[in-house]
Amino acid sequence: MAGAYDDRDGKIWMDGQLVEWRDANVHILTHALHYASSVFEGERAYGGRIFESRKHSERLRGSAEMIDFEIPYSVDEIETAKQQVLEANGFSDAYVRAVAWRGAGEDMGVASARNPVRMAVAAWEWGAYYGDAKMKGAKLDISKWKRPSPETIPSAAKAAGLYMICTMSKHAAEAKGCGDALMFDYRGYVAEATGANIFFVKNGEVHTPLPDCFLNGITRQTVIGMLKERGIAVHERHIMPEELEGFEQCWLTGTAAEVTPVGQIGDYSFEVGEMARDIAKSYEELVRR
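The sequence shown maps to residues 34 to 322 in the numbering used here.
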């Protein structure tokens, strides 16, 4: 599959049924388009099986509740929809996008309690998110935008509106020849990349930002478990920007990113070392079991 995402062959599950890809449309006065009343999940299928599929479906429903709407489909129904999409499109290895939103209805102001909640699931074949970075390490810019306080947003939700500054940060990074951007949080601590969590290595131990104002990713949790199984100390804590100079290795985690080593953040360089390569390889093996 190639070309614009609205002009492809295939099937998309939408509001309970499979529809032709090009027919999966919404009205211009859809509430989510104007007010970001939308939540989503990014998932990957390996060999026909979506890794941690149920956790993603549960988080989708939880994210919706956090931004004040209820998805009219159960976790089991969402699971069935995702499998139907994979089968209908003949995909074995694919990226899966589930999205739910407040649609067009009687309300077109900020409030939208009377509007229907809609949902869709699409899937497509998608290779490495950072290209060849798994071999040589991704290059990151440092964003001028910061992850906001959890007093201002539901930071535990995977909600569309939370990604606005991520898009801006990644565009600025790409303009500088970088693959992504590192974001600090509202207090000035190291937080995450625009769509992935971040890990650092120093003296054989791992340090990763405490997810108290950004998403605690499912891949992040999986990798922490893998490290602990190996007996590697993992420190989830607040990390100051000046500490970047002392870290030896770095990698990103996320459904799209999987485990991607980082070679550079701003003026700081990192080795694509043994631990980063081992975790990346072991994660690839884990998701295909």
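By construction, the Cβ of each residue, glycine as well, lies at the ideal position given by its N, Cα and C atoms. Since the model is a prediction, treat every value here as computed from it, not as a measurement.
Chain-order list of residues whose beta-carbon lies under 6 Å from that of residue i (same chain, five-residue window excluded)
i, result
"G170", "P294, V295, G296, V305"
"K320", "The residue asked about is misnamed: residue 320 is Val in this sequence, not Lys. Excluding sequence neighbours, V320 sits near Y79, F84."
"P183", "C246"
"H60", "A137"
"M99", "P187, A190"
"R94", "I104"
Within 7 Å, strictly: CB atoms of residue i and residue j
i, j, result
"I265", "V239", "yes"
"V108", "S96", "no"
"V72", "K191", "yes"
"N122", "G43", "yes"
"C211", "D174", "yes"
"W134", "A189", "no"
"F102", "V150", "yes"
"E278", "Y301", "yes"
"A57", "A193", "no"
"G81", "S145", "no"
Candidates the options, of which the one nearest residue i by Cα
i, options, result
"A114", "R135, L51, A69", "L51"
"A214", "W284, S188, G279", "W284"
"K235", "G80, S202, A121, E276", "E276"
"G142", "H67, I104, M273", "H67"
"M273", "V223, R82, I312, E281", "V223"
"A229", "F303, R263, Y163, E98", "Y163"
"D48", "Y106, G36, K314", "Y106"
"A309", "A290, F233, Q116", "F233"
"K209", "Y196, G299, S145", "G299"
"L62", "D39, E110, D140, E318", "D140"
"H271", "G237, D165, G221, E318", "G221"
"E307", "H204, G237, G36", "G237"
Assigned exposure category for residue i - 16 Cβ within 10 Å defines buried
i, result
"I257", "buried"
"Y316", "buried"
"T185", "exposed"
"L260", "buried"
"L248", "buried"
"R130", "buried"
"A161", "exposed"
"E225", "buried"
"A206", "buried"
Neighbourhood of residue i by C-beta distance below 7 Å, restricted to the same chain and skipping five residues each side
i, result
"E269", "T241, L243"
"S202", "S176, W178, A214, M216, T227"
"L195", "I186"
Supposed close pair residue i, residue j - CB separation, criterion 8 Å
i, j, result
"K172", "F217", "Actually they are not in contact, since the Cβ atoms of K172 and F217 sit about 18 Å apart, beyond 8 Å."
"T255", "G287", "With 8 Å as the limit, T255 and G287 do not qualify as a contact, their Cβ atoms being about 11 Å apart."
"A153", "I45", "6 Å"
"G138", "R147", "5 Å"
"E74", "R92", "6 Å"
"P181", "Y219", "6 Å"
"A313", "K167", "6 Å"
Contacts around residue i, its chain only, beta-carbon distance under 8 Å, and the 5 residues preceding and following it disregarded
i, result
"A127", "R77, A78, L119, A156, W157, E158, W159"
"D311", "none"
"E112", "S86, R87, S90"
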